[in-house]
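Asks:
Number of protein chains: 4
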Amino acid sequence: MDYSALIHNVYQQCQREVNEGSVASYIPELAKVDGSQFGICLATVDGKEYHVGDASTKFSIQSIVKVFVLAMVYQKVDEALWARVGVEPSGGAFNSLALLEFEQGIPRNPFINAGALVLTDILISQWQDPKQAALAFIQKLAHEPSIAFNEAVARSEATHGYRNGASVALMKSFGNIHNDFFSVLDVYFHLCSVEMTCRELARAFLVFSHSGRDIKTKQNILSARQVKRINALMQVCGFYDESGDFAFRVGLPGKSGVGGGMVAVYPGKFSVVVWSPPLNAKGNSVRGLSVLEKITTQLGDSIF
Amino acid sequence: MDYSALIHNVYQQCQREVNEGSVASYIPELAKVDGSQFGICLATVDGKEYHVGDASTKFSIQSIVKVFVLAMVYQKVDEALWARVGVEPSGGAFNSLALLEFEQGIPRNPFINAGALVLTDILISQWQDPKQAALAFIQKLAHEPSIAFNEAVARSEATHGYRNGASVALMKSFGNIHNDFFSVLDVYFHLCSVEMTCRELARAFLVFSHSGRDIKTKQNILSARQVKRINALMQVCGFYDESGDFAFRVGLPGKSGVGGGMVAVYPGKFSVVVWSPPLNAKGNSVRGLSVLEKITTQLGDSIF
Amino acid sequence: MDYSALIHNVYQQCQREVNEGSVASYIPELAKVDGSQFGICLATVDGKEYHVGDASTKFSIQSIVKVFVLAMVYQKVDEALWARVGVEPSGGAFNSLALLEFEQGIPRNPFINAGALVLTDILISQWQDPKQAALAFIQKLAHEPSIAFNEAVARSEATHGYRNGASVALMKSFGNIHNDFFSVLDVYFHLCSVEMTCRELARAFLVFSHSGRDIKTKQNILSARQVKRINALMQVCGFYDESGDFAFRVGLPGKSGVGGGMVAVYPGKFSVVVWSPPLNAKGNSVRGLSVLEKITTQLGDSIF
Amino acid sequence: MDYSALIHNVYQQCQREVNEGSVASYIPELAKVDGSQFGICLATVDGKEYHVGDASTKFSIQSIVKVFVLAMVYQKVDEALWARVGVEPSGGAFNSLALLEFEQGIPRNPFINAGALVLTDILISQWQDPKQAALAFIQKLAHEPSIAFNEAVARSEATHGYRNGASVALMKSFGNIHNDFFSVLDVYFHLCSVEMTCRELARAFLVFSHSGRDIKTKQNILSARQVKRINALMQVCGFYDESGDFAFRVGLPGKSGVGGGMVAVYPGKFSVVVWSPPLNAKGNSVRGLSVLEKITTQLGDSIF
């Protein structure tokens, strides 16, 4: 399979044909981003890397970070994690706080905001310096020490993040947040502000295509069982109320962020990252979705 | 009508026959209260006052304070108030945060917690020293300068009040809370901690039986229109998801608090207060409900 | 009090100033009604009757019939009724079927459609010929033997009534409907199709202003306790998700129908009926609401 | 891979160790089934078949039939199908009718009952004799002409199926059911009553492991795109509110029925069916779940 031709081909087709969507505007720092930027990177488990467009430009990975936080916390506390967060799809935005209230403070899964806030709470309980620890974990996966938070984005989230505050307060009332209200929000907003390039993300996600083993160092970062479960969760819950549609059209586990990034994983084969800031109404990158659908369609191959 | 005989009669009957319920235990300060205490006071618009039992003992009025806060804010901002809080029953605990989310941060009415938190927010915006102003307003209605907050109760609420915190945060995300997160909670928890006796409460509530006019000073504190509307709201929403049952059995507007207090108002005739700490499953005083039902039944008279 | 001058005055004022709303269009038979028709009738407990405009024209009383059905079933099965239907406001359209599902087939109150369908089911169980029995009961209250169903309206409802069908089916799955699916719907649609004039309705509702006693025959049709409770329920739940607003503005118990009729009851004094077909977004007559608000405002008197 | 040893091994282990759950009891016909029956069949895309235990006994496939109905309707109307039913997980039982009401009669996906009722409605619109057509389609996939409905089960469902009736009526009120109320229910209850053996089901599901092509006749029954999408939907929504857990533990798309049957599909490799009537609280076969988890764990292979 000529992956290079494939991604160049899809890149040009999407640049020509796919021009809907609008850049996230709920915080000024994201609204300022140039929406025409567009990059793709595909990394294979045998160490090859193919990229096109703005694949070396840093962008705000936002919710994609939840996969790293899940990996980090899961390898630390293992199956005990599931006492505090579920593994089922939430049925979408329709009933976010309602569902959390009904289910007594246990979020449906680690990829809705409430779930990621619980992961953050565990991170704070388990690590001395949770922000640095998270950064170090991501840097190690990506083999790239320059990866950092964007403080302006983190501050901006804090000013607009009272919906997340409502989740933290509600879960605290049910005893499912153990640390201080503002600490949990602060660490969470920092995590969401991490900036990476398509190439760095593709490399970092290879661990999920390679049964938990770093392809360079051969170190086992996660067990094969843990990776299987993380991939299953991405498949079933990675795109909020577009998870079914993503599975349906792309046929691979994946995760998106409102910064316009989108990642997919083909277990045993590759990881692929797209970045294009204009989003659809559900908050997923329009070109990201289109690129990934075209890739699996043109490959004639998906996990299904 | 011999009100004195009536309340003594009902008092004895309830002391003998009505012994269910349990004292509120969600905060230690309320759990410590001696549950056998029991008082009734009925005050008429022509200035008579009848009382029996522990009618001169201070207790935590809790949610009953919402009526005072509503009166205070309503006479200040008049009908502009209803842009920030509704006038409809909420359908009960079933969907508290869910409904607030669905209706974009506008609470259903001033007597659910979210509504009272919005009133508190307006209080903070409109008065220099909102806590003292509220206390002064209540002292004036009751003609009793000793009325005060219980700081231990206020602190205790603050430690257990994260569900209220969730409401504040959610409303803040919709722009319906203008002041600081913790300030709103702090003032609110103080307001709920006010302590009064049955006699003080009955006197203070006479303003709602007397078209807004203080029966002693003859001062107009609220307009007749405002009082009619406050009474209508008490009738329709004063007892959360037992409002229908209260209207049905008692047939008067009223309000209850988890401290075991319960107030009812007969426009043009009297106000009546019962205090008995043991609560039913919905958080209303068991004897309070029974006393008020017996009073209107034995009077053969209610507003309906 | 010169009730005659009052209603003529309010009539002229509303005809001039209140011209919003649109006639119900969900079934063709209601859509055909001339929206400019407008009548008022006020009947007092001492037997006087005041009317103005189209007060002698028959119209479709629709949901107003629920009060008659409640009265009829309540006097038959008394407090046993409340095992099958609640007495609390529902919190409105927001969660109709959701709430019914959550509360396992027990409707919140007798005035939401699901509640009236349970009343209808009891009617079928308790009377040989439920349609004729209901008609006879209403004819007796109004002292008017010509009152009848409109078969075209009943048929039209049947064709468009699948939302009511969903409630019946759901309650049947919980065991709270005992009779045949289509029978319950058929009787219910007939009941809603009853046609009466403002004058007939005002006379029929006097029973609720007069402690359950017919002012002409002196017969006790309902007990004083039952009437108090029916009035309380009208106050708290009579206008769906505008019940609070109606209590707030009008200050009397009442009930409305999508045919443009609206009834209010002042216990001990009078009943009053307005008919004007144009409805607001919540399905209540625009002029009906305005007329009743003006009447209690100009009287300077309500139950609150 | 020695599939024969694998399934014998897992069979014996589960028979020894997994003994929780209880047979479905909501209809008498299912309650009568001998709960100790237990069979497994695994069929590979190269035509091999491995089975153990009661793999040749007919059982009620119940909701598993939804996959066949989806395949049949999808190959007929293709992507037009998605105007009438969604592709997202529903978030579980919590909000079944609520969600259907909120989303105006469009069911979340084809595997919740409401979705399968829409498929049934399309079946009735598209085929002259929908029951026979469905049976013929299933017989063709399984290469087995004896497959039939169980009329006693279908009748029994009809007597207890008013919750499905509520969905049909609600969707009819939104215009998303085009055929007669009772016809849709009748066909649906017949479809759920189909009886098959593990071996027949495994053969019939091979079409989903083989890109839509019949492994014997080489006929293309579904397109590769359609199969990919059906598998993705099974993965994301096949187990109601245990879909995440199934993906997480088993790592294959699948579907279960309350008759105790459970199917999983490994695209490109095999289909596997377990039958064991005792169910967990969510209505999924306890041994079924355990067998499938053990199979992918011992294979060390899943799609993730």
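Chains Z, D, F and R are the protein sequences, given in the same order.
For what it's worth, the working numbering labels the leading residue of the first sequence as 432, then goes sequentially.
For what it's worth, the working numbering labels the leading residue of the second sequence as 432, then goes sequentially.
For what it's worth, the working numbering labels the leading residue of the third sequence as 432, then goes sequentially.
For what it's worth, the working numbering labels the leading residue of the fourth sequence as 432, then goes sequentially.
Cβ coordinates follow ideal geometry from the N, Cα and C atoms, glycine included.
With respect to the alpha helix (DSSP H) encompassing M602 of chain Z, which residues constitute its N-terminal and C-terminal limits?
Replies: If you number the first sequence from 1, residue 602 of chain Z lands on position 171. Taken as a continuous stretch (DSSP letters only), the alpha helix (DSSP H) holding M602 of chain Z covers Y593 to S604.
Asks: Whole angstroms are fine: how far does the CA of G546 of chain F sit from the CA of W513 of chain F?
Replies: Mapped onto the third sequence, residue 513 of chain F falls at position 82. Mapped onto the third sequence, residue 546 of chain F falls at position 115. Taking the straight line joining both Cα atoms gives about 11 Å.
Asks: When the Cα of T754 of chain D is compared with those of D:H621, D:K659, D:V703 and D:I458, which residue comes out closest?
Replies: Outside the displayed range of chain D (432 to 735) lies residue 754 of chain D, so it cannot be described from this structure.
Asks: Report the rounded CA-to-CA distance for F525 of chain Z versus F701 of chain D, giving the unit in angstroms.
Replies: Translated into positions along the first sequence, residue 525 of chain Z becomes position 94. Translated into positions along the second sequence, residue 701 of chain D becomes position 270. Below a pLDDT of 50, predicted positions are generally treated as unreliable, and F525 of chain Z, at 44, falls in that range; the measurement from the model is reported next regardless. Whole-angstrom Cα-Cα distance: 47 Å.
Asks: Within 9 Å (strictly less), CB to CB, does A663 of chain F reach chain D?
Replies: As a first step, residue 663 of chain F is located in the third sequence; it is residue number 232 there, counting from the start. Chain D contact via Cβ: present.
Asks: Kindly indicate which residue of F:L437, F:N715, F:E626 and F:E460 has the alpha-carbon position closest to the one of L473 of chain F.
Replies: Within the third sequence, the letter at position 42 stands for residue 473 of chain F. Out of F:L437, F:N715, F:E626 and F:E460, F:L437 has the C-alpha closest to the C-alpha of L473 of chain F.
Asks: Answer with buried or exposed for N651 of chain F, where buried requires no fewer than 16 other C-beta atoms within 10 angstroms of its C-beta.
Replies: Position 220 of the third sequence, counting from 1, holds the residue named residue 651 of chain F. It counts as exposed.
Asks: Run through the DSSP bridge pairs and tell me what R644 of chain R is partnered with.
Replies: By 1-based counting over the fourth sequence, the position of residue 644 of chain R is 213. R644 of chain R pairs with R:N651.
Asks: Roughly how many angstroms separate the alpha carbons of L653 of chain R and L501 of chain R, rounded to a whole number?
Replies: Here residue 653 of chain R corresponds to residue number 222 of the fourth sequence, with the count starting at 1. Here residue 501 of chain R corresponds to residue number 70 of the fourth sequence, with the count starting at 1. The straight-line gap from Cα to Cα measures roughly 11 Å.
Asks: For R676 of chain Z, which residues in chain R fall below 8 Å Cβ to Cβ?
Replies: Taking the first sequence and counting its residues from 1, one reaches residue 676 of chain Z at position 245. The amino acid at residue 676 of chain Z is misidentified as Arg; the sequence shows Asp. In chain order: V518 and E519.
Asks: Mind listing which residues of the region 587-601 of chain R have their C-beta closer than 9 Å to chain F's C-betas, in chain order?
Replies: Under the 9 Å Cβ criterion, the region 587-601 of chain R contributes H591, G592, Y593, R594, N595, G596, A597, S598, V599, A600 and L601.
Asks: Please classify S467 of chain Z as buried or exposed, where buried requires at least 16 other C-beta atoms within 10 Å of its C-beta.
Replies: Residue mapping note: residue 467 of chain Z aligns to position 36 of the first sequence, counting from 1. Flag for S467 of chain Z reads exposed.
Asks: Sorted by chain position, which residues of the same chain lie with C-beta nearer than 6 Å to A635 of chain D's C-beta, five sequence neighbours on each side aside?
Replies: Against the second sequence, residue 635 of chain D aligns to sequence position 204. Closer than 6 Å at the Cβ level, and outside the excluded window around A635 of chain D, lie L572 and A573.
Asks: In chain F, which residues lie less than 8 Å from D509 of chain D when you measure between Cβ atoms?
Replies: If you number the second sequence from 1, residue 509 of chain D lands on position 78. Correct list: empty, because the minimum Cβ distance to chain F is about 14 Å.
Asks: Have a look at V449 of chain R and P538 of chain Z and give me their C-alpha separation to the nearest angstrom.
Replies: Indexing the fourth sequence from 1 puts residue 449 of chain R at position 18. Indexing the first sequence from 1 puts residue 538 of chain Z at position 107. Each residue's Cα considered, the two are about 29 Å apart.
Asks: Using the Cα positions of N540 of chain F and A633 of chain F, report the straight-line distance between them to the nearest angstrom.
Replies: Numbered from its first residue, the third sequence carries residue 540 of chain F at position 109. Numbered from its first residue, the third sequence carries residue 633 of chain F at position 202. Rounded to the nearest angstrom, the two C-alpha atoms are 24 Å apart.
Asks: Which residue marks the beginning of the alpha helix (DSSP H) containing H621 of chain F, and which one marks its end?
Replies: Working through the third sequence from its first residue, we reach residue 621 of chain F at position 190. F612 to C623 is the extent of the alpha helix (DSSP H) around H621 of chain F.
Asks: Near E480 of chain Z, what residues of its chain come up, given a Cβ to Cβ distance below 6 Å and the 5 sequence neighbours on each side ignored?
Replies: Walking along the first sequence from the start, residue 480 of chain Z turns up at place 49. If we look at E480 of chain Z and ignore the five residues flanking it on each side, its Cβ neighbours are A474.
Asks: Using a C-beta to C-beta distance shorter than 9 Å, which residues of chain D count as neighbours of L528 of chain Z?
Replies: Working through the first sequence from its first residue, we reach residue 528 of chain Z at position 97. Those are L528, A529, L531, E532, A597 and L601, listed as they occur along chain D.
Asks: I need the DSSP call for M432 of chain Z, collapsed to helix, strand or coil.
Replies: Here the question's residue 432 of chain Z lines up with position 1 in the first sequence. Looking at M432 of chain Z - three-state DSSP - the assignment turns out to be coil, as it is neither helix nor strand.
Asks: Cutting at 8 Å between CB atoms, please list the residues of its own chain near P561 of chain D, excluding the five before and the five after it.
Replies: Start at 1 with the first residue of the second sequence, and residue 561 of chain D comes out as number 130. These residues qualify, in order along the chain: T551, L554, I555 and V618.
Asks: Could you spell out the range, first to last residue, of the beta strand (DSSP E) harbouring I734 of chain D?
Replies: Against the second sequence, residue 734 of chain D aligns to sequence position 303. First-last for I734 of chain D: undefined, no H or E at that position.
Asks: For chain F, is any of its Cβ atoms less than 9 Å away from the one on Y619 of chain R?
Replies: By 1-based counting over the fourth sequence, the position of residue 619 of chain R is 188. Judged by the 9 Å Cβ criterion, Y619 of chain R is not in contact with chain F.
Asks: Spell out a yes or no on whether the region 444-459 of chain Z and the region 671-679 of chain Z are touching, meaning 3 or more CB-CB pairs, one atom from each, closer than 8 Å.
Replies: Short answer: they don't touch.
Asks: Going along chain Z, which residues have a C-beta under 9 Å from S604 of chain D?
Replies: Counting from 1 along the second sequence, the entry for residue 604 of chain D is found at position 173. Residues of chain Z passing the Cβ test: H591, G592, Y593, R594, N595, G596 and A597.
Asks: Would you kindly work out how many angstroms separate the C-alpha atoms of L601 of chain F and I734 of chain D, rounded to a whole number?
Replies: Numbered from its first residue, the third sequence carries residue 601 of chain F at position 170. Numbered from its first residue, the second sequence carries residue 734 of chain D at position 303. Their Cα atoms are separated by approximately 37 Å.
Asks: Please list, in chain order, all residues of the same chain as W558 of chain Z whose beta carbon is under 6 Å from its beta carbon, the five residues on each side excluded.
Replies: Counted from its first residue, the first sequence places residue 558 of chain Z at position 127. For W558 of chain Z, where only same-chain residues beyond five positions count, the Cβ hits under 6 Å are A564.
Asks: Quick check: the region 724-731 of chain D against the region 680-696 of chain D, are at least 3 beta-carbon pairs closer than 8 Å?
Replies: The answer is yes - the region 724-731 of chain D touches the region 680-696 of chain D, with three or more Cβ pairs under 8 Å.
Asks: What does the alpha-carbon distance come out to for the pair A589 of chain D and G536 of chain Z?
Replies: In the second sequence, residue 589 of chain D corresponds to position 158, counting from 1. In the first sequence, residue 536 of chain Z corresponds to position 105, counting from 1. Those two C-alpha atoms are separated by around 19 Å.
Asks: If I'm right that V704 of chain R touches C623 of chain R with Cβ under 8 Å, what's the distance once you round it to whole angstroms?
Replies: Locating residue 704 of chain R in the fourth sequence gives position 273, counting from the first residue. Locating residue 623 of chain R in the fourth sequence gives position 192, counting from the first residue. Actually they do not touch by this definition, with Cβ atoms about 17 Å apart.
Asks: Return no unless some Cβ of chain Z is closer than 9 Å to the Cβ of F735 of chain D.
Replies: For this step, residue 735 of chain D is matched to residue 304 along the second sequence. Answer no: the Cβ-Cβ gap between F735 of chain D and chain Z never drops below 9 Å.
Asks: Looking only at C-alpha atoms, which of R:G690, R:L548 and R:V476 sits nearest to N610 of chain R?
Replies: Indexing the fourth sequence from 1 puts residue 610 of chain R at position 179. It is R:L548 whose Cα lies nearest to the Cα of N610 of chain R.
Asks: So is S435 of chain F buried or exposed if we call it buried at 16+ other beta carbons inside 10 Å?
Replies: Position 4 of the third sequence holds residue 435 of chain F. S435 of chain F should be labelled exposed.
Asks: With a CB to CB cut of under 7 Å and the five nearest residues on each side skipped, what residues in its chain are close to N607 of chain D?
Replies: Locating residue 607 of chain D in the second sequence gives position 176, counting from the first residue. Same-chain partners within the cutoff: R515, G536, I537 and V549.
Asks: Is the distance from the Cβ of V496 of chain F to the Cβ of G688 of chain F below 9 Å?
Replies: One-based indexing of the third sequence puts residue 496 of chain F at position 65. One-based indexing of the third sequence puts residue 688 of chain F at position 257. Contact: yes.
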